[in-house]
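Top to bottom, those sequences are chains A and B.
Following our numbering, the numbering of the first sequence begins with 1 at its first residue and continues without gaps.
Following our numbering, the numbering of the second sequence begins with 1001 at its first residue and continues without gaps.
In this text, a Cβ means the ideal position worked out from N, Cα and C, and glycines have one as well.
Have a look at the structure below, then the notes.
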Amino acid sequence: MRPVPLASCLRGNMAEVRLEGLRKRFDGPDIVRGLTVTVRDGEFFAVVGPSGCGKSTLLHLLAGLESPTGGRILFDGRDVTALAPQHRDVALVFQSYALYPHMTVEENLAFPLRVGPRRGRLDRAGIAGEVRRIAELLGLTDLLDRRPRELSGGQRQRVALGRALIRKPRVFLLDEPLSNLDARLRTGMRTELRRLHDQLKITMIYVTHDQTEAMTLADRVAVLHDGTLEQLGTPKELYDAPANVFVAGFIGQPAMNMIDAVVHGGILAADPFRIPLPADWPHRVEGSALTLGIRPEHIRVSRPSGRAGSGMIADGTVRLVERGGGHPWVTLEPASGRATGRMLVALLDSGQELRAGDAVTISIGDAVVHFFNPVTGARIGGRRVGPGERPG
Amino acid sequence: MSGPGIRSRLRAAGGAGGRLGRILLLTGAVVFCMGPVTWQAVTSLKPDSDLVRLPPLFPEQPTGDHYRAVLARSTLGRELLNSALVAVASSALAVGVGGLCAFALARLPLGGKPWILGLVLALSMFPPIAVVSPLYLLVRALGLRDTLSALILTHATYSLPLAIWMLSSLFRQLPVDLYRAARVDGCTPWSALVRVVAPPALPGIAVAALLLFIYSWNEFMFALTLTATDASRTAPVAIALFPGLHEVPWGDMAAASLIVTGPVVLLALVFQRHIVAGLTAGSVKE
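Listed below in structure tokens is the structure:
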């Protein structure tokens, strides 16, 4: 396909991005293995996964910095797979910011308007006007004469954003843009990014390894693992109905508890719990194995009550207390787990005070539980269980 | 970069013994490096009668005769000009061509990069003496004998592997994201090189150019073989041709050597500050 300047064929600065069976391999195994995803026009789309899952490669493919081994990339239905980066009209914000060290902030911001297909579209005054507009939007007006090395991390970050935004790209790609900032600044920039997106309504594809970032920022999240799409959905969908063990373990902090369970006499034996199963439950096959997932926030911890034995309640001991903010979480050793070494993690109420060594009662009455196939890891089902209710 | 570290470590080694050892070490290094040059300087100031006698070490009556004699030779100016032209043109050519190769090897999607670099290194290991006769025949066949072009091409060819190696590692040191950012911002590979990759690398490029300049300025064998007259003869060759049938004018040769060394020393001094400042600034990731 011939490199046609896309901006001239398409009005507006929005685009639907579609990947069709996208594959990429360098030397060795595939980094990206047949991804098919549609990012909607104007959507804030996050790609999240552990390091090495192919996220950055995916962005480089979208930007045209790498060419795919197979598959197609379409912007608004138009095949751009063979298009060089300078003709794609996408912007990319790098984790390292990649500011040009020999240029001032002003020159950095103006650079995309001075080179390539957009050169000459604006005269000197026009470029200066755009730079001023972007500098005001991002609070950089007083820094225009500085060089990148004279800026703080947050300021560099804003210059990198500005350089990407100034030419009103059709697609805005962000590669872990907040990971080099300190925690306080990161939260601030997160809000800022979301505000920018809502204001500009650009298609944003945001890559991160931090599931909290993805869950708080994005309209939809794609979970990537080993170059394959594990699940795609809204943050709520990912949280409420994780498609498999990987997503269940990756989304949510602290991670979901996973318990090996066996169906035995109409009851799901998931040490230390025993959950009665409804008679018509399709997976109620004697002796079949399941993986049970319970989020830490669905496990209740209380002073020993002596009510253990209902199946949903077990005795245990606190082994570790961690405070990550308002709600501390505890690592628990169930009384029955002393032999197996199984531990459970539970989130406490903000006022609840426990110390390592305390004896407690652990309850999953009223918890949402998830069932997974222990071999494939795929989700089988899940629902709320209660003392008087049965799982479905 | 490591300057303050080394200095503080030396200071930590401290004490009178450490200080004495340091002074001895530095004196030794200075004598080793400066000895030959000093000898040349002394020789160039000795009257002819003292040249081959050892006491006195220093001339009792220093003379400027040798300098006057050398400068009076009508050809030396021409030969210095030849040297300068050859050195500037060959180092510029090598840096230009080598820079493009190095950029391609460092940043563009090419197969077999290690093989290419290995081959380049292998070529640079050819001893010049092994190629000098075929090269002479080639240059004669091309009708380039006794021209500056012949020397420029030869020196540039011989500098090229060094240039490629130095510049490709230089380009590789710059964050790859700079190049990627330039591409996404709208640059072709060429304009990314010119506008984004090369400018921060300029101090390093200058160092490479300086080294190639010095090589070409001092190069003797090709210059001797491929030149015949003042039209293309360079200064080192000219000095080597000073000896007449019956006498070797040591004093004149020493004076001429110092004159020829001058520009290189000056160049290195001028560049030194930029080189050091530039290298440290470039190596820190922005």
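- Spatial neighbours of E1286 of chain B in its chain, beta-carbon cut-off 7 Å, leaving aside the 5 residues before and after: Note on E1286 of chain B: pLDDT 37, under 50, position unreliable in the model; no value is reported.
- Message: In the DSSP assignment, the beta strand (DSSP E) including L217 of chain A goes from what residue to what residue?
- Response: Element bounds for L217 of chain A: not the beta strand (DSSP E) but the alpha helix (DSSP H), 211-217.
- Mapping DSSP to helix, strand and coil, what is D30 of chain A? In the structure shown, D30 of chain A sits in a strand (DSSP, three-state: E or B).
- Check distances from the C-beta atoms of the stretch 100-125 of chain A to those of chain B and list, in chain order, the residues that come in under 8 Å. Y100, P101, H102, F111, P112, V115, G116, P117, R118, R119
- So, are the CB atoms of A1181 of chain B and A110 of chain A less than 7 Å apart? no
- Message: Quick check on L200 of chain A - is its C-beta less than 7 Å from some C-beta in chain B?
- Response: no
- Message: Could you tell me the alpha carbon to alpha carbon distance between V1030 of chain B and A1072 of chain B, rounded to whole angstroms?
- Response: Rounded to the nearest angstrom, the gap between the Cα atoms of V1030 of chain B and A1072 of chain B is 33 Å.
- Beta bridge counterpart(s) of M204 of chain A as assigned by DSSP: Bridge partners of M204 of chain A: A:F44, A:F172.
- Message: Given this structure, state the Cα-to-Cα distance separating V360 of chain A from I313 of chain A, to the nearest angstrom.
- Response: 10 Å
- Task: With distances taken Cα to Cα, identify the nearest neighbour of P1249 of chain B among B:G1017, B:R1022, B:D1048.
- Result: B:D1048
- Message: Rounding to the nearest angstrom, what Cα-Cα distance links R118 of chain A and L65 of chain A in this structure?
- Response: 19 Å
- Query: Going along chain A in order, which residues have a C-beta closer than 9 Å to the C-beta of S1168 of chain B?
  - Reply: Ordered by position in chain A, no residue passes the 9 Å Cβ test against S1168 of chain B, which lies about 20 Å from the chain.
- Query: How should G12 of chain A be labelled, buried or exposed, when 16 other C-beta atoms within 10 angstroms of its C-beta is the threshold for buried?
  - Reply: In this prediction, G12 of chain A scores a pLDDT of 47, lower than 50, which makes its location untrustworthy; no coordinate-derived value is stated.
- Task: At 7 Å on the CB atoms, spell out the chain A contacts of G1186 of chain B, in chain order.
- Result: Within 7 Å of the CB of G1186 of chain B, the CB atoms of chain A belong to Q86, P112, V115, G116, P117, R118, in sequence order along the chain.
- Measuring CA to CA, which of A:V369, A:F94, A:R295 is closest to L277 of chain A? A:V369
- Can you tell me whether T1234 of chain B is buried or exposed, with buried defined as 16 or more other CB within 10 angstroms of its CB? buried
- Task: Please name the residues in the stretch 1099-1117 of chain B whose beta-carbon is closer than 7 Å to at least one beta-carbon of chain A, in chain order.
- Result: none
- Would you report the Cα separation of Q253 of chain A and F94 of chain A, rounded to the nearest angstrom? 26 Å
- Task: Please state whether DSSP places W329 of chain A in a helix, a strand or coil.
- Result: strand
- Query: Quick one: what does DSSP say G266 of chain A is sitting in, helix, strand or coil?
  - Reply: G266 of chain A falls in the coil class under three-state DSSP.
- CB-CB length for L140 of chain A against R156 of chain A, believed under 8 Å: No, L140 of chain A and R156 of chain A are not in contact; Cβ-Cβ is about 10 Å, not under 8 Å.
- Is it true that the stretch 38-51 of chain A meets the stretch 205-220 of chain A, where meeting means three or more beta-carbon pairs spaced less than 8 Å apart? The stretch 38-51 of chain A is in contact with the stretch 205-220 of chain A.
- Task: Give, in chain order, every residue of the stretch 1181-1212 of chain B whose Cβ lies closer than 7 Å to some Cβ of chain A.
- Result: For the stretch 1181-1212 of chain B, the set of positions with a beta-carbon nearer than 7 Å to some beta-carbon of chain A reads A1181, R1183, V1184, D1185, G1186, C1187, T1188, S1191, R1195, V1196, P1199, P1200 in chain order.
- Message: One question on the structure: do L173 of chain A and L92 of chain A come within less than 7 Å of each other, judged by their Cβ atoms?
- Response: yes
- Does DSSP put S1083 of chain B in a helix, a strand or coil? helix
- Query: Would you report the Cα separation of T1043 of chain B and L1100 of chain B, rounded to the nearest angstrom?
  - Reply: 45 Å
- Taking only the alpha-carbon atoms, compute the straight-line gap between P1062 of chain B and Y1215 of chain B and give it to the nearest angstrom. 32 Å
- Task: Could you tell me whether the stretch 236-253 of chain A touches the stretch 219-228 of chain A, using the rule of 3 or more Cβ pairs below 8 Å?
- Result: yes
- From what residue to what residue does the alpha helix (DSSP H) around L19 of chain A run? Element bounds for L19 of chain A: not the alpha helix (DSSP H) but the beta strand (DSSP E), 17-25.
- Under the DSSP definition of a beta bridge, which residues are partnered with T291 of chain A? Per DSSP, the beta bridge partners of T291 of chain A are A:D260, A:F372.
- With T104 of chain A as the anchor, note down where its beta strand (DSSP E) starts and where it stops. Careful: T104 of chain A lies outside any beta strand (DSSP E) and carries neither H nor E.
- Query: Where L1170 of chain B and V330 of chain A are concerned, what is the direct C-alpha to C-alpha distance, given to the nearest angstrom?
  - Reply: Rounded to whole angstroms, L1170 of chain B to V330 of chain A spans 51 Å at the Cα level.
- What span of residues does the alpha helix (DSSP H) with L1138 of chain B cover, start to end? 1128-1141
- Message: To the nearest angstrom, how far is the alpha carbon of H60 of chain A from that of S1133 of chain B?
- Response: 51 Å
- Message: Suppose only complete runs of 4+ residues qualify. What are the alpha helix (DSSP H) ranges in the stretch 49-76 of chain A, listed by chain order?
- Response: 55-63
- Skipping 5 residues on each side, what residues in its chain have a beta carbon closer than 6 Å to that of L982 of chain B? The structure shown does not extend to residue 982 of chain B, since chain B is modelled only from 1001 to 1286, so the question has no answer here.
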